[in-house]
Every structure is written in structure tokens, then in C-alpha cells.
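Each residue of the sequence shown is one higher than the one before, counting from 0 in numbering that gives the first Met the number 0.
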Amino acid sequence: MKYNQKKKKENIEIFLFIMVMAVFAAVLGVMSLGEKMQPVNQIRKISSGWYYYDNGKRTEVTLPDTIQAEKGEELILYNDGITDLDAGKVVTTRGAQYDLKIWLGDRPIYEYQDTTFVRNTQMKSKLECVGEIPTDMQNEPLKLVYSNPHHGKYVLTSVYIGTGSAVIALHLQNSGIVIGIALCFLVLSVISLLITVYLKYRQMPDARFRDVALFLMICAVWLITDSSAIQTYSSHPDMLCTISFYMFMLHSVPMLHFAQKIGGLKKERILDAGIAVFYLNTFIQGLLAYFGVFTFADMLFVTHVLLITWVLIVAVLLWKEYRKKPDRSVQIILIAYMILLFSGLLSLSLYWLFEISYYGAIFEFGILVFLVMIIADTVISLVGKVRYRTEMQAYERLMKEDWMTGMQSREPFENLLAEMPKTMNEHKDILLVFMDIDYLRRINNDFGRAAGDEVIVAAARCIENVFGAIGKCYRTGGDEFAAVVFDPEENRNVLSEKLDKEIRRYNRNSRYRMSISRGFSSIRDDRGKLKTTGEWKYEADTNMYQNKMKERKTHEL
0 MKYNQKKKKE NIEIFLFIMV MAVFAAVLGV MSLGEKMQPV NQIRKISSGW
50 YYYDNGKRTE VTLPDTIQAE KGEELILYND GITDLDAGKV VTTRGAQYDL
100 KIWLGDRPIY EYQDTTFVRN TQMKSKLECV GEIPTDMQNE PLKLVYSNPH
150 HGKYVLTSVY IGTGSAVIAL HLQNSGIVIG IALCFLVLSV ISLLITVYLK
200 YRQMPDARFR DVALFLMICA VWLITDSSAI QTYSSHPDML CTISFYMFML
250 HSVPMLHFAQ KIGGLKKERI LDAGIAVFYL NTFIQGLLAY FGVFTFADML
300 FVTHVLLITW VLIVAVLLWK EYRKKPDRSV QIILIAYMIL LFSGLLSLSL
350 YWLFEISYYG AIFEFGILVF LVMIIADTVI SLVGKVRYRT EMQAYERLMK
400 EDWMTGMQSR EPFENLLAEM PKTMNEHKDI LLVFMDIDYL RRINNDFGRA
450 AGDEVIVAAA RCIENVFGAI GKCYRTGGDE FAAVVFDPEE NRNVLSEKLD
500 KEIRRYNRNS RYRMSISRGF SSIRDDRGKL KTTGEWKYEA DTNMYQNKMK
550 ERKTHEL
């Protein structure tokens, strides 16, 4: 028992390690792709050379930096380092939350404007602000105009300038971790769906994989549509934001369905209520946003409260379930939900209290760890289920098959006879052959049990060589066999001679003489009338007994 527990623990650790390494490799791959997309010497970071005027006094700034604006005054940053070599290039930074405007001299090249989809401060802070420098520039200064400071200050990010492709590569690199995680989710979702289909095909359905696949798919769509790079270069960013909100509002539903399949949680009606609440929340928010009563950003707090509440409820239910019946699977899932709860609370604190833009990364990492643990537990449970199913199938096969000869045993033979009245009318004839090894007891006494076993196996091979290709063969007892041939093309005499030929071939190369008595019976009598199963068996058994008596008399002579 201790060894099995240790083995299971090792399997869990190995699986978790593989999952984490796979995700890590995918993220590195995406980030490396971003780096490879970035042309050498085609993008540069403008950190120095910035200045602004405060009461007529010039103040130098090195980005990134934070500049106080207690009175809410507008901030204009200047940089005189833009030259003719930068003509036609692209300048990019973040600052949409401050209604950023980018000017080259007196010419505007970028201005953030709210769209039909209203974003809050945190959402704006993630947006990439991109402006193209005119090709006819004449050593004009670059100006960044910020307004509406938050909490009396401007938090300024780095500014980059480069070719269009280089800037796109930079934005993709900045979103590399999110996109990498989303791609991992998509791949794992497809794998989970394939496992769901395979298990259904193998008649071992496990709806948990379906729930995990749906959760992964929803999270992947949410992360992709919420990505700043994707929104920046999409021709329909408002639509992406709407999809992102709907995915975020619904992503908890499959995990509540998943929780319902754990132990005694199947009986917890409160989980059904939770699923209904999330659907209702999505429907109501959609209506309110459509009619312009509230924006999705205004109602985001409601979704956050529901998410934390129901993750906490599930964690409490799992804790009660674990205390009632300590189980490794429940323990792993409980830990996973606690990690999700903690990461959710931390990210929401950063979101609402500090308005930090990278709040999502913490929750996304929590989801990733949560999924790794959930999938690990589900896969390990599946392995146990498959092992149990395999053992049961092997046991059932042993019950139906004779372990010594590999033939089917008496049980399937009796089942065939029991079903015979339902199908016998479909055949012109069905031939039943009862067979019995002669003198097996004498062989066991004279040469030992091993010799008797050898003769039994040899008899089985002889019988299969004759009847296996045209009918079904069974070992019905220690030295007893049976064969059933549907619509035989050869008569019983030909089949009997073939069996004798197989026996003679064995006897030529064996020190034990084998002899098999046999009795034939057709399902129809001479007039074509069907016999009862009892009459059919009795006739075959009687003919076999007569053949055995004849063999004994011949042997005595």
C-alpha cells in the first residue's frame, strides 16, 4: 500500500513537472519569436533627452518616470532628438489612460479617443499608442501631451521608435507571455477534446475532460481578445473587447460543472445555482450594455465579486468533502481552487486599489497553476480508471476463455445455445460437434499431469485447425470440447476425416498417443424440421458416446 501511494505521488510530481516545462517552453518560444521578428538596429528606446516646463523652468526627464501633478495640470514632454533619419518610422508608448496625444512639431500623429466600447483606466493603461512620423519632417521636436492625471501623478512608460515591423515585433514580444499561455490553453483544449472523444469511443466517458476543454477554450479566447497587441492591430478592437468580457463572465461555468463531478459535490444544488447566476449575470450585463444603461467596465466589479464568491464556495465544499472522506483527488483539486482564489484576490486588489495594469498576469498565472493541477489529477484518475477497466476486461476474458488452450470456455458456449432458438431459423443448417479426449486419465497416471496438459493443448489445436475457420470452438470441460458450424459446406464425414488427419500428424511426432471421440448433430432432421436445443445436444452427445465405445473396442482388439 505504501509503495503504491509513493508511486502515485511520483507520477503526480512527474506530470506536474512536464506540464510546467511544456508551458514554460511555449512561453519562451513565443518570446523568442518576438525577438527574431525584431530587425536589428530598426528600433531604439528613447530614454533620455526628454524635458518639460514647470512655471517656465525646464526640467529634464529620463523615462520611465513618475511626475507629480497635484493640481491636475496638463503635462507636455518634449524631445529634440528626432532627426531626418526617423522620417517614416513609428513611435510608440503607453499612456492612453491620460488621453495621450503625440505631436511632431505642430502636426498631430496620434490622439487617443474613446470608442463605442468604453474602457476604464486599467484597460486604457494596457493599450499601445502608435503614431507614424511624417516623411517630410524638418527636425521638429516630438511632443507627448498627457492630461487627467490619476491620484495626482503621471506614471510614464518608455518610448520606442523604429520601423513598423520592428514596433509590431516589440508589441508582440510584450504580449508574448499572455499569447504563449493562450496558445498553451488552446493546445491543451484540443487534447482534452480528443481525450473526451476517445474515452466515449472506448465506452469510458469522463465529462471532466469536456469541462476542462471548454474552460481552456474560453480562457484562451479571453486572453487573446484581451491582449493589448491583438487589440492594437485589430480592425475591430471594440468587438474583441466585447468578446473578452463575455468570455470572462462565462469562464467559471465549466469549472462549476467540473466541481459537480467530484465525490459528494454531485448532490450540492448550490453549484447549480452558481451556474445559473453566472449565466444570468452575463445575460443582464449584455442587456444593460446594449441599451447603454451601464458599460461593461462599470459592471466588471459584479463579475469579480461573483467569481471570488463562487471559487470560495467551491473551496469550502471541497474542504467539507475532504474532511468527510480524505481522498488524494479531492485534496489536489482543493489546493488548486485555493491557489485560484488567492491569485484572484491578489489580482483584484491590484486592480481596484492600486489600478495596476499587470493585475491580469497574476490571475492568469493562478489559472495556469490551477489548470496544471486539475489536468494532472484528471489524467491520473483516468490512468487509474483505464487500469481498472483493463483489469476487469482481462478478468472477464479469463472468465470466458480457457487459460490453457486460449479457446472460449463453457459459459460463452452455453450463452450461444441459449440464444440459438432466436437465430436458428436464419440458417439452412447448424452443425454441433461434441468431442472428448480418449484415455486422458491414463496419460495423466502414466506420464504425469504435464503430459496430460500437453495432450489437451494439442487436441485444442487439432480442433481449431479443422473447425476454427468455419465455426466456433469451445473447451467445455477438462477433456471435453465443442464446435458449432453455421451452414457447413462440408458434411460430417469430411470434417471427421480432417480431424483424424490432424490427430495422425500430431501422433507421428509425439510420444503420447492422442485420440478424440466426436459426435455430430444437425439442427434440422432428415425432413428439414428444426430440433429443440435439448434434442440437438442430446443427439451430439449420444453420437460422441457411441464413437467413444467404438474406439475402445478397436483399441482393445
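We put the CB at the ideal spot given by N, CA and C, even for glycine.
For residue i, I'd like the list of residues in its chain whose CB is within less than 8 angstroms of its CB, leaving aside the five on either flank, ordered along the chain.
i	result
Leu198	Pro204, Asp205, Phe208, Leu381
Arg409	Tyr473, Arg474, Thr475, Gly476
Tyr237	The identity of residue 237 in the sequence shown is Asp, whereas the question assumes Tyr. Within the same chain, Asp237 has close Cβ partners Thr114, Thr115, Phe116.
Val301	Asn280, Gln284
Does the distance from the C-beta atom of residue i to that of residue j stay below 8 angstroms?
i	j	result
Gly161	Ile42	yes
Ser516	Leu430	no
Thr231	His170	yes
Leu339	Val310	yes
Ile81	Leu143	no
Ala606	Met513	With the chain represented from 0 up to 556, any question about residue 606 goes unanswered, as that position is not in the structure.
Cys183	Ile366	no
How big is the Cα-Cα spacing for residue i and residue j?
i	j	result
Asp524	Met403	36 angstroms
Tyr278	Leu249	7 angstroms
Gly533	Lys324	54 angstroms
Arg460	Lys500	13 angstroms
Ala335	Tyr77	50 angstroms
Glu320	Ile269	14 angstroms
Ala212	Leu286	28 angstroms
Gly470	Phe485	6 angstroms
Ala314	Arg106	57 angstroms
Thr531	Ile436	27 angstroms
Val196	Leu316	30 angstroms
Ile586	Ser233	Because the chain in this structure spans residues 0 to 556, residue 586 falls outside the shown range and cannot be described.
Val158	Lys44	6 angstroms
Glu479	Met543	11 angstroms
Asp271	Leu347	25 angstroms
Where do the ends of the alpha helix (DSSP H) carrying residue i lie?
i	result
Gln284	268-289
Ile132	Unbroken run through Ile132: none, as it is neither H nor E.
Gly175	175-200
Thr422	409-422
Ile557	Residue 557 lies beyond the residue range present for the chain, which begins at 0 and ends at 556; the question has no answer from this structure.
Lys497	491-507
Tyr97	Note, Tyr97: premise wrong, no alpha helix (DSSP H); not H, not E.
Gln121	120-124
Pro253	252-258
For residue i, list the residues DSSP reports as bridge partners.
i	result
Gln67	Lys152
Trp49	Val60, Asn78
Asp435	Glu479, Ser516
Ile429	Phe485
Val90	Gly130, Ile160
Leu103	Arg106, Leu141
Lys471	Val483
Lys44	Tyr159
Ser521	Leu430
How far does the beta strand (DSSP E) with residue i in it reach, from first residue to last?
i	result
Tyr566	Because the chain spans 0 through 556 in this model, residue 566 falls outside it and cannot be assessed.
Tyr109	106-110
Arg207	From DSSP, Arg207 is part of no beta strand (DSSP E) but of the alpha helix (DSSP H) over 206-225.
Return the chain-ordered list of same chain residues with a C-beta closer than 6 angstroms to the C-beta of residue i, the five sequence neighbours on each side being excluded.
i	result
Glu466	Note on residue identity: the sequence assigns Phe, not Glu, to residue 466. The residues are Cys472, Ala482.
Thr224	Leu239, Ile242, Ser243
Glu139	Leu103, Gly104
Val154	Thr65
Glu110	Lys100
Gln202	none
Met372	Ile331, Ala335
Met216	Ser188
Just to confirm my understanding: we take residue i, look at its own chain, exclude 5 residues before and 5 after, and list those with CB closer than 7 angstroms. What are they?
i	result
Tyr537	none
Gly87	Ile132, Thr134
Gly451	Leu439, Ile442, Asn443
Asp428	Asp486, Pro487, Ser521, Ile522, Arg523
Does any residue of chain D bring its CB to less than 8 angstroms from the CB of residue i?
i	result
Gly285	No chain D appears in the structure shown, which is made up of a single protein chain.
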